[in-house]
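S.K.:
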Amino acid sequence: MEYPTFITAGTAWWAPDGLKFPEAVVEHEFGHQYWYGMVATNEFEEAWLDEGINQYTECKIMDALYGRDVDILNTRVATAGERGTDRIGYIGAAEYDPIIRRGWQFVNSGSYGGITYSKTALVLLTLEHFIGEQKVREAQHIYFERYRFKHPTGDDFMNTVNEVAGQNLDWYWNQAVRGTQVLDYRIQRAESYRADWADKNAPKKEKKGETEYVSSVVVHRRGDFVLPVTLEVKFDNGEILREHWDGQDRWHRSLVGRFQEPRVRKDSRLLDADHAVVCSVGVLAGLRRDFETTDSRWFLPGMAAPASGLVGFLRQPRAWIFGVACTWSGSPLRGGQESIYRRDEQAL
Ligand SMILES: [Zn+2]
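For the sequence shown, this note's numbering assigns the number 5 to the initial residue and increments by one for each residue that follows.
1. Rounded to whole angstroms, what's the CA-CA distance from PRO10 to GLN185? Just pull it up for me.
2. Can you list, in chain order, the stretches of the alpha helix (DSSP H) that have 4 or more residues and sit fully within the segment 146-223?
3. Quickly, what does DSSP pair TYR7 with across the bridge? List them, please.
4. Is any non-hydrogen atom of ligand 1 found closer than 7 angstroms to the C-beta of ASN58, if you look at the structure I gave you?
5. Can you give the Cα-Cα distance for CYS63 and ASP21, rounded to whole angstroms?
6. Within 10 Å of its beta-carbon, does GLU210 have 16 or more other beta-carbons around it, so buried, or fewer, so exposed?
7. Across which residues does DSSP place HIS248 in a beta bridge pair?
8. What residue from TRP108, THR83, LYS123, GLY107 has the CA that sits closest to ILE95's CA?
9. Between the C-alpha atoms of PHE229 and ASP75, what's the straight-line distance to the nearest angstrom?
10. Consider the C-beta atom of GLU55 and the heavy atoms of ligand 1; say whether any pair is separated by less than 7 angstroms.
11. ASN111 by DSSP, collapsed to three states: which one?
12. Measuring alpha carbon to alpha carbon, tell me which residue in GLN59, GLY88, ILE57 is nearest ARG72.
13. Is HIS36 a contact residue of ligand 2, with contact defined as CB to any heavy atom under 7 angstroms?
14. Examine ligand 1 and report whether any of its heavy atoms sits within less than 7 angstroms of the Cβ of GLU27.
15. For a test of your reading of the model: does the CB of GLU247 fall under 7 angstroms from any non-hydrogen atom of ligand 1? Yes or no.
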């Protein structure tokens with residue numbers, strides 16, 4: 005818990021060495037000395053400005069101190085990171101409340117936690133993809149210098165980022181912060197077929213070096229969040245093609261010319277540049293390969309099980325038990341008990 009110039013944290017007797025909750029809490033509460041301690045935002049009306057920005061800060065610092073994807077839990081049987089746990093918090097509540105909602109107006113406390121803390125952190129991590137990590141850092145710095153001991157609003161924050169980025173990011177803020185749009189893309193189909201399939205005189209047998217193929221990859225935007233994405237088409241000869249799609253339509257077909265040899269591989273995927281787009285419900289811990297972003301193992305799949313249900317237990321019993329224990333003990337996963345793991349079945 006945080007108070008100006010005073011913070012508290014705790015741990016549990018059963019916690020393994022690799023469990024970094026005490027470290028995360030200490031860092032988090034220390035961060036509050038800045039985010040609301042000095043930059044005095046209104047935590048009732050715009051909680052994301054202190055809890056959310058602070059959660060992002062926590063993620064950056066924990067990543068730097070203990071390593072990305074292992075900075076919450078790092079044991080031989082299980083690992084988990086800040087990003088993965090934030091994603092769990094967010095996915096359970098993705099469609100209910102916008103980040104800018106006033107604290108008392110959220111549908112429930114799970115949504116308040118998942119959106120205010122986790123989604124804000126993921127939105128800022130994702131922002132790094134568009135303007136670069138350095139710009140996000142610079143924007144935070146300027147925002148802090150400009151508004152410390154004042155009472156800035158969310159618009160002050162977003163305008164500062166726009167200013168530092170040198171571009172109007174309202175298309176992003178409107179969906180990610182002011183709206184409840186859900187980011188969810190997938191590869192719907194990846195296939196190669198013979199270019200001469202309609203030719204009656206075509207030889208029945210494919211011939212290496214002579215038969216031509218047409219490769220087709222269909223990308224589907226399942227959610228209402230419109231985001232430009234990069235499609236990476238892989239071929240069985242190792243060749244890789246990348247294609248940019250603005251995401252405006254609900255789906256996009258990438259037709260890749262004619263090739264004599266290479267055929268498209270099923271593991272063609274959507275790239276988020278350097279795996280930076282993280283605020284997607286389709287990306288939970290890289291369980292679905294559309295947007296593979298983390299390699300956390302064991303723990304996250306267990307937590308992601310539908311409402312911690314039977315499937316999760318059977319697949320990852322140790323992780324499931326651990327995940328439930330963490331949630332029940334009121335861990336920084338925040339809001340876990342009331343979460344609705346809607347899409348996780350598909351993810352698994
Ligand atoms: Zn906090």
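Glycine included, C-beta positions come from ideal geometry on N, C-alpha and C.
M.R.: Put simply:
1. According to the sequence displayed, residue 10 carries Phe and not Pro. Going by the C-alpha atoms only, they are around 37 angstroms apart.
2. Correct list: 158-169, 174-180.
3. Answer is PHE10.
4. Indeed, a heavy atom of ligand 1 lies less than 7 angstroms from the Cβ.
5. When rounded, the distance between both Cα atoms is 19 angstroms.
6. Answer is exposed; the Cβ neighbour count stays below 16.
7. Partner(s): THR234.
8. Taking only the C-alpha atoms, the option nearest ILE95 is LYS123.
9. Their Cα atoms are separated by approximately 29 angstroms.
10. The answer is yes for GLU55.
11. The sequence shown places Val at residue 111, rather than the Asn named in the question. Of the three classes helix, strand and coil, the one that applies to VAL111 here is coil, per DSSP.
12. Nearest Cα to ARG72 within the set GLN59, GLY88, ILE57: GLY88.
13. Only ligand 1 can be found as ligands here, which leaves ligand 2 out of the picture.
14. Every heavy atom of ligand 1 is 7 angstroms or more from the Cβ of GLU27, so no.
15. The answer is no for GLU247.
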